[in-house]
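Q:
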Amino acid sequence: MSAALITPATPEQLADAVRSAPRVVVVGAGTKPRLAQVADTFARISTAKLRGIVEYEPSEFTFTALAGTPLREIAAALADKGQYLPFEPMLAGAGATLGGTVAAGLSGPGRFRFGGLRDFILGVRFVDGEGRLLRLGGKVVKNAAGFDVPKFLVGGLGRFGGLAEITFKVFPRPTALRTLRIDAADDAAKLRILTAAGGARWELDALDTVVGQPAVLARIGGPPAALDALCAEILGRFPGRALADDAAAEVWRGATEFAWAPAAGALAKFALTPAQTPEFSAWVRSLPGGCGWIGAGGNVGYASAGAGANLSAAPWPGVTLRGHGPLWLGPQRTPAIAGAVKHALDPQGRFPALND
Amino acid sequence: MTASAPAPDVVRRLTALLPAGRVLADAAPLAAYESDGLTAFQAKPLAVAMPETQDEVVAIVRFCHAEKLPFVARGSGTSLSGGSLPFAGGIVIALNRLNKIVRLDPAQRIAVVEPGVINLAVTAAAQPHGLHYAPDPSSQSICTIGGNVAFNAGGAHCLKYGMTSNHVLGLKAVLATGEVVEFGGASREQIGPDWTGLFVGNEGLFGVALEITVQLLPRAEVFHTVLAGYRTLEEAGEAVSAVIASGLLPGAIEIMDALALEAASAAVHADYPPACEAVLIVELEGPREVVAVDRVRLDAILAASKPVEVRPARDAAERLAIWKGRKSAFSAVGRLSPDFIVQDGVVPRRRLGEALRKIAGWSRELGVRCANVFHAGDGNLHPLILYDGREAGALERAEEFAGKILRMCVEMGGSITGEHGVGMEKRDYLPDMFNAEELACLKRLRAAFDPHGIANPGKMFPAEGAPALAQHGLHPLEKAGVISRE
Chain X
1 MSAALITPAT PEQLADAVRS APRVVVVGAG TKPRLAQVAD TFARISTAKL
51 RGIVEYEPSE FTFTALAGTP LREIAAALAD KGQYLPFEPM LAGAGATLGG
101 TVAAGLSGPG RFRFGGLRDF ILGVRFVDGE GRLLRLGGKV VKNAAGFDVP
151 KFLVGGLGRF GGLAEITFKV FPRPTALRTL RIDAADDAAK LRILTAAGGA
201 RWELDALDTV VGQPAVLARI GGPPAALDAL CAEILGRFPG RALADDAAAE
251 VWRGATEFAW APAAGALAKF ALTPAQTPEF SAWVRSLPGG CGWIGAGGNV
301 GYASAGAGAN LSAAPWPGVT LRGHGPLWLG PQRTPAIAGA VKHALDPQGR
351 FPALND
Chain A
1001 MTASAPAPDV VRRLTALLPA GRVLADAAPL AAYESDGLTA FQAKPLAVAM
1051 PETQDEVVAI VRFCHAEKLP FVARGSGTSL SGGSLPFAGG IVIALNRLNK
1101 IVRLDPAQRI AVVEPGVINL AVTAAAQPHG LHYAPDPSSQ SICTIGGNVA
1151 FNAGGAHCLK YGMTSNHVLG LKAVLATGEV VEFGGASREQ IGPDWTGLFV
1201 GNEGLFGVAL EITVQLLPRA EVFHTVLAGY RTLEEAGEAV SAVIASGLLP
1251 GAIEIMDALA LEAASAAVHA DYPPACEAVL IVELEGPREV VAVDRVRLDA
1301 ILAASKPVEV RPARDAAERL AIWKGRKSAF SAVGRLSPDF IVQDGVVPRR
1351 RLGEALRKIA GWSRELGVRC ANVFHAGDGN LHPLILYDGR EAGALERAEE
1401 FAGKILRMCV EMGGSITGEH GVGMEKRDYL PDMFNAEELA CLKRLRAAFD
1451 PHGIANPGKM FPAEGAPALA QHGLHPLEKA GVISRE
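Those protein sequence lines, which keep their order, are chains X and A.
Be aware that the first sequence starts at 1, since it is given in the working numbering, and climbs by one per residue.
Be aware that the second sequence starts at 1001, since it is given in the working numbering, and climbs by one per residue.
(1) Could you name each continuous beta strand (DSSP E) segment of 3 residues or more that falls completely within the stretch 205-240 of chain X, going from the start of the chain to the end?
(2) Nearest chain X C-beta to residue 1344/A closer than 9 angstroms, yes or no?
(3) Taking only the alpha-carbon atoms, compute the straight-line gap between residue 210/X and residue 1232/A and give it to the nearest angstrom.
(4) Decide yes or no for the touch test of the stretch 277-290 of chain X against the stretch 325-336 of chain X: beta carbon pairs closer than 8 angstroms, at least 3 of them.
(5) The alpha helix (DSSP H) spanning residue 252/X covers which residue range?
(6) Output yes or no for whether 9 angstroms exceeds the beta carbon distance between residue 296/X and residue 187/X.
(7) When Cβ atoms are compared, which residues of the stretch 287-308 of chain X fall closer than 7 angstroms to chain A?
(8) Tell me which residue opens and which closes the beta strand (DSSP E) that residue 1225/A is part of.
(9) Roughly how many angstroms lie between the CA atoms of residue 1409/A and residue 57/X, to the nearest whole one?
(10) Hey, could you find the ends of the alpha helix (DSSP H) residue 169/X is sitting in?
(11) Hey, how far is the Cα of residue 308/X from the Cα of residue 327/X?
(12) Jot down the residue ranges of each uninterrupted alpha helix (DSSP H) in the stretch 1315-1342 of chain A, minimum 4 residues, whole runs only, in chain order.
(13) Flag residue 1140/A as yes if its beta-carbon sits less than 9 angstroms from any beta-carbon of chain X, otherwise no.
(14) Would you mind telling me which residues of chain X sit closer than 7 angstroms to residue 1419/A, beta carbon to beta carbon, in chain order?
(15) If you drop the 5 nearest sequence neighbours on each side, which residues of the same chain put their C-beta closer than 7 angstroms to that of residue 1351/A?
(16) Just the chain A side, please: which residues come within less than 8 angstroms of residue 263/X by C-beta, in chain order?
(17) How many Å lie between residue 1385/A and residue 1258/A at the Cα?
(18) If you check the beta carbons only, do residue 1237/A and residue 1120/A fall under 9 angstroms apart?
(19) Mind reading off the beta-carbon distance from residue 1109/A to residue 198/X? Whole number of angstroms is fine, and I expect it under 8 angstroms.
(20) Does chain A have any CB closer than 9 angstroms to the CB of residue 173/X?
(21) Under 9 angstroms, do residue 1050/A and residue 1099/A count as touching if we go by C-beta distance?
(22) Nearest-angstrom Cα distance between residue 1465/A and residue 134/X?
(23) Name the two residues that bound the continuous beta strand (DSSP E) containing residue 64/X.
(24) Check whether chain A comes within 9 angstroms of residue 230/X, counting only Cβ atoms and requiring the distance to be less than that.
(25) Taking DSSP as the reference, what is the three-state secondary structure of residue 1278/A?
(26) For a test of the three-state rule: what should DSSP assign to residue 351/X, helix, strand or coil?
(27) Taking the alpha carbon of residue 294/X as the point to measure from, which residue in 254/X, 329/X, 310/X and 313/X has its own alpha carbon closest?
(28) Pair every Cβ in the stretch 119-138 of chain X with every Cβ in the stretch 1135-1143 of chain A, then say whether three or more of these pairs are closer than 8 angstroms.
(29) Taking only three categories from DSSP, how would you classify residue 1256/A?
(30) Beta-carbon of residue 1107/A versus every beta-carbon of chain X: anything under 9 angstroms?
(31) For residue 137/X and residue 150/X, which I take to be in contact (beta-carbon distance under 8 angstroms), what is that distance rounded to the nearest angstrom?
(32) Quick one, which of 1250/A, 1113/A and 1405/A has its alpha-carbon nearest residue 1223/A's?
(33) Ignoring anything shorter than 3 residues, give me the beta strand (DSSP E) runs that lie fully in the stretch 1143-1224 of chain A, in order along the chain.
(34) Return the bridge partner residues of residue 1283/A from the DSSP annotation.
(35) Could you tell me the boundaries of the beta strand (DSSP E) in which residue 293/X lies?
(36) Is any beta-carbon of chain A found at less than 9 angstroms from that of residue 352/X?
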C-alpha cells in the first residue's frame, strides 16, 4: 500500500513535502502515467493544489505559473490576449499540467515552426533533493546568467528536482491557420514531402503524418489574405486538399491528445531524424496492434502497441509514456557524469533515479 | 581558485602531446592571448596549445585533469565579458584550427561543425541551399561556434529565433574530468534530460565542445526593414510597445539613441533623420505574401507613433545600410572615447522607458557620458559608458555607473546579462541575481563536471581578490574595423 498523497498548495509547502519523506516522487495529473510509475516506497506528492497563474504580462511575452496549473487554464488565459505557447503542449484536453509537461519534455505539432518546449522555458523555481527551493534561469525573454538548469529539467522526469513554478516565453497567435492534407502514396513519398515542404519558403507551422495513412498534414499560420495564396501554391506543388476549419481542429486535437492511440496500449515517444521515418513507420506497422504518429517534420515519432509488443528493441532512443514496459527505450547514452550531476541536485537520492 | 604551481617540466610534457610547433610558451607569441574582447583584463598563460584534431583536444584536457592544471578554451577571443581571459599560469587551448564543417545536410537542415568554425561560415555554407544559421552576434564574421556555445551567444534576432542554445541540437564534448560525452543528436527532439541545453552557456566551466550539431533554418524569402526617427527615446519606446501590442512578431526591434546616432553617422556615413533623439529599426521577414500584409499594419502603427520620419528600406542595399549603421554603432561610439564599459543587462520590456530615464539621470549626476544601442524587442540594454582612464576618478565613476545599471536590471526583475555572459566582468554581480543557496547549487553543478575546478577558473562565480578594471578600450580588431559589438 502506497503512502497517502501529499498535496502542497505553495512552493514552500512543496519544499516541506519533499523533505517529509526519504523518497518522494512528484506527480501532476497522471496523463503520462509510466513516467511516475515507481516503487511503493516513494511518497507521492501531487501538484493538484499547486496551481494558478502567478504573473502574466502580455506585453512582455512571458507568464509564470505554478507547476500544477492545467495547460487548459494557461491556454485560455493566453488566448484571451491573442497569445499562445507555440510548441502546442500535449494532452491539454486530458488535463495535463504545466509541470508534468516540462518534466516529460513533450511538445506538440506546433514545435515545427519555432521550436519545442525547451525553446520557450525561461526560468524555474524548483525543489532540489535536499528540499531547498531554488530559482534558476530568469523571468525575462532573454537571460544568459548561470547554467541553464531550466532546460536541463525539460525531459528529466522529475528525477533531479520537483518543479514549483515555471516561467515561459509566449508569442502572438497567428491570425489564421490552414491545414492541408497532402497526398503521399507511401513512406518514401512522405519523406520527400517532409523534406521539401519543411525547407520551403512557406514557413509551415506544423508538418506531421499518421503512420499508415497516405497523407502528410501541413499547417500554415498567418494573415488570412496571405494564406489563400500560399495554400494555392503548396497544393499546386503537392496534390491534396485543404481541410475545413473544424475538421482541421479535430485532426490536430487528435495529435495533441493521442486520440489515435488505444488508451489501453503502450505509448512511447522517439526522437527521429526525417530520414529515419520510413524505417520507423515500417517498424510501427510490424508491432502487434501497432499504430503511430510522426511529428515535427519527421523529428519525433510516437508509437502505440498492444500487450506483448517489445518497444525497447527500437533502434531509436525513446521513452514510454503509458503502459508497463521499460521506461527508456532503444539505445540510450547516459554519460558517466550523470551520476555526479544527480548527486549535485539530489545527493541522497530522494527523487527516483533516471532508471527507477 | 588557487592553482598549485605547475610542475617544472609541465610545458615539456604538454609539448610532447602534440606535433612540433603547436605549443607556444615564449613570451612574445603568448602576448597575443593575454586578453579577449574585454581588454580591461590581462593574464599571462603558461602556454598556448593549438590542437588540430578532436583527439588532441581530448589528450590536452586529460593531461590538464591529471596535472590539475587550469585551462581556458579559446576561439577568436571576442568575448565581451572576459570569458576567454587566460588563467595566469594555466593553459590556453586555442581551437581555431578545429575549423571543419564536418557535415552539412540540407535535406535535414542541420550542420555538424567543429568549435573553431566561424559563425558566419556556417551561414555561408548553408546559403546555396537556401538555409542559414540564425544566431547572429555582431562579431559573427570572426567569432567561433565553440565560443557561441560556451557563452550562449545572442544577436539581433533573439526575440523570434532565440539564442544559440535554441539552435544547438547536440554536441560532443570533452568534460573537465576527461570524459568524452555525446549529448543530443541530429534530431530536433530530445529524449531524457536536456544535457545539450545544460552544456550550452556553461561559460567553459564544464569542458570543451568538440563537435556541434546545429539546426539550419530556411532563409526568409523577403524582408521589410523600417527605420523611424523620434524626437525622444520615450516616443521610440512607445512605438515598440505599440508594435508588440499589435500581435506582429518582427524578426528584430532595435533602438539607437542620439549619441549612438552621432557616432554611427560619423563612422559609416549613415544618414539619419535630423533632430532625432532616437531611431527605431523594425524588421519583418517571411514569405512575401505574409510580409505584404504585415507591413501595411506595421506602417500604420509607425505612422501613428508620432515619428519625425519613417524610412522603409526600398531594396536590399538600403536594408544592409540600415544594419551596417546599427551593427557599427558600438565600435563607432567607442571611437568617441579613450575607454568605455559595455553593459548587457535585461529589463522587462514595459520598463524600458523607466530604465532609460534612470540611466540618463545617472549619466548627468555622475558626469559620465553614456550611449544606448539596444535590442528593444527583448529589453536587452547595451549601455556604453564612456570615460577617460587617464582622468583621476573617471574609472571609479564609470564602474559605479555600471553597477547602478546592473542592480537596476535585477531590481526590475530582469537579468545582469542577456547575451554576453557573466564571465569575468559581471561575476561579482551574480549574487544580485541568485541567493546563496542558488549559487551553491550552480557551484555543485560545476563541481560535478569539473571536480578540480580547472576549466576556465575564475569566471562566472564571484571570487576573492578580483583584479580591478584597468581600461576599457576598443579591441584591436574593433579598431581595425574587423569586428563590432551588439
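Here a beta-carbon is modelled for each residue, glycine too, at the ideal position from N, C-alpha and C.
Because the structure is a prediction, the values reported are computed rather than measured.
A: On the basis of the data shown:
(1) 206-210 and 215-222
(2) yes
(3) 55 angstroms
(4) no
(5) 245-256
(6) no
(7) 296, 299 and 300
(8) 1222-1230
(9) 17 angstroms
(10) From DSSP, residue 169/X is part of no alpha helix (DSSP H) but of the beta strand (DSSP E) over 162-169.
(11) 15 angstroms
(12) 1316-1334
(13) no
(14) 142 and 144
(15) 1412
(16) Within chain A, no residue comes near residue 263/X; the closest Cβ sits about 23 angstroms away, beyond 8 angstroms.
(17) 14 angstroms
(18) no
(19) 7 angstroms
(20) yes
(21) no
(22) With a pLDDT of 45 at residue 1465/A, under the threshold of 50, the predicted position of this residue should be treated as unreliable, though the coordinate-derived value follows. So the alpha carbons of these two residues sit roughly 28 angstroms apart.
(23) 62-66
(24) yes
(25) strand
(26) coil
(27) 254/X
(28) no
(29) strand
(30) yes
(31) 4 angstroms
(32) 1250/A
(33) 1168-1175, 1180-1184 and 1207-1215
(34) 1225/A and 1252/A
(35) 291-295
(36) no
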